[in-house]
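Colleague:
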Amino acid sequence: MIIGSKMLFVMSGWGTGYSLRCEIVDYSRSPTALRMARTCWLYYISKFIELLDTIFFVLRKKNSQVTFLHVFHHTIMPWTWWFGVKFAAGGLGTFHAFLNTAVHVVMYSYYGLCALGPAYQKYLWWKKYLTSLQLVQFVIITIHIGQFFFMEDCNYQFPVFLYVIMSYGCIFLLLFLHFWYRAYTKGQRLPKTVKNGICKNKDH
Numbered sequence: 000m001i002i003g004s005k006m007l008f009v010m011s012g013w014g015t016g017y018s019l020r021c022e023i024v025d026y027s028r029s030p031t032a033l034r035m036a037r038t039c040w041l042y043y044i045s046k047f048i049e050l051l052d053t054i055f056f057v058l059r060k061k062n063s064q065v066t067f068l069h070v071f072h073h074t075i076m077p078w079t080w081w082f083g084v085k086f087a088a089g090g091l092g093t094f095h096a097f098l099n100t101a102v103h104v105v106m107y108s109y110y111g112l113c114a115l116g117p118a119y120q121k122y123l124w125w126k127k128y129l130t131s132l133q134l135v136q137f138v139i140i141t142i143h144i145g146q147f148f149f150m151e152d153c154n155y156q157f158p159v160f161l162y163v164i165m166s167y168g169c170i171f172l173l174l175f176l177h178f179w180y181r182a183y184t185k186g187q188r189l190p191k192t193v194k195n196g197i198c199k200n201k202d203h
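Residue numbers (numbering that gives the first Met the number 0): 0 to 203.
#1: Starting from the C-beta of S18, find all residues in its chain whose C-beta is less than 8 Å away, skip the five residues before and the five after it, and write them out in chain order.
#2: Pairs of beta-carbons, one from the segment 21-36 and one from the segment 140-158, closer than 8 Å: are there three or more?
#3: If the criterion is Cβ atoms closer than 8 Å, does the pair L129 and Y119 meet it?
#4: What are the boundary residues of the alpha helix (DSSP H) that C153 is part of?
#5: Could you name the residues of the same chain whose beta carbon sits closer than 6 Å to that of W90, not counting the 5 residues immediately before and after it, in chain order?
#6: If you follow the alpha helix (DSSP H) that V65 is part of, which residue opens it and which one closes it?
#7: Taking 8 Å as the threshold, find out whether the segment 69-87 comes into contact with the segment 28-44 through three or more Cβ pairs.
#8: How far does the alpha helix (DSSP H) with P158 in it reach, from first residue to last?
#9: To which residues of the same chain is I164 closer than 8 Å at the C-beta, ignoring the five residues directly before and after it?
#10: Could you check which residue in S166, A88 and T53 has the C-alpha nearest to that of H73?
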């Protein structure tokens, strides 16, 4: 699903002509516009699939994994993305989703290795860099959206969405920095052993 979403975002615009600066929403019925709209809806649906993480944590009584960061992310994204796909399925405001799908490909590859059991634990040394990748993601998103406020001739139709995206970028950056501090500076959530094919300390 995640890899499919990533490919769709590339094919729908960000790899086939979208500008990294001003890109307005295309409301025409051109193949490119319709493809991007479908891609945005698929991404929106994937946010609900990700909610299964929380359900599985609760069912397995892994309450320590249901952190504020986890709950905030998985509850706020589906709600706000409904407005995105309803009114602005394309354009400048979709860059963060394009980038997020790339990060999720790496993230779920890590979780997949975790699920293979203790024999694959030696391949999980890069957990710390996964959190770094997530931090870099939010920095790039914030910078990318921030450039809009210095453009004089960008007629993006829903500036309010860009304010929301930039706010989320800053909030998630702070939350992940806090996670980083607890996990790798104070050592409260350093990687533990893998037991019964379950990877502990799942970030998010």
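We put the CB at the ideal spot given by N, CA and C, even for glycine.
Modeller: Concretely, from the data shown:
#1: Within the sequence shown, numbered from 1, the residue matching residue 18 stands at position 19. If we look at S18 and ignore the five residues flanking it on each side, it has no Cβ neighbours.
#2: yes
#3: Residue numbering aside, residue 129 sits at position 130 when the sequence shown is read from its first letter. Residue numbering aside, residue 119 sits at position 120 when the sequence shown is read from its first letter. No, the Cβ-Cβ distance between L129 and Y119 is not below 8 Å.
#4: Position 154 of the sequence shown, counted from the first residue, corresponds to residue 153. Element bounds for C153: n/a, residue is neither H nor E.
#5: Here residue 90 refers to the residue found at position 91 when the sequence shown is read from its first residue. According to the sequence displayed, residue 90 carries Gly and not Trp. Once the five neighbours on either side are set aside, the close Cβ partners of G90 are E22, I23 and V24.
#6: Translated into the one-based positions of the sequence shown, residue 65 becomes position 66. Careful: V65 lies outside any alpha helix (DSSP H) and carries neither H nor E.
#7: Put simply, the segment 69-87 touches the segment 28-44. At least three CB pairs are less than 8 Å apart.
#8: In the sequence shown, residue 158 corresponds to position 159, counting from 1. Counting along the chain, the alpha helix (DSSP H) containing P158 begins and ends at P158 to W179.
#9: Taking the sequence shown and counting its residues from 1, one reaches residue 164 at position 165. Answer for I164: G92, H95, I140 and I144, listed in chain order.
#10: As a first step, residue 73 must be located in the sequence shown, where it is residue number 74. Ranking the options by Cα distance to H73, first place goes to T53.
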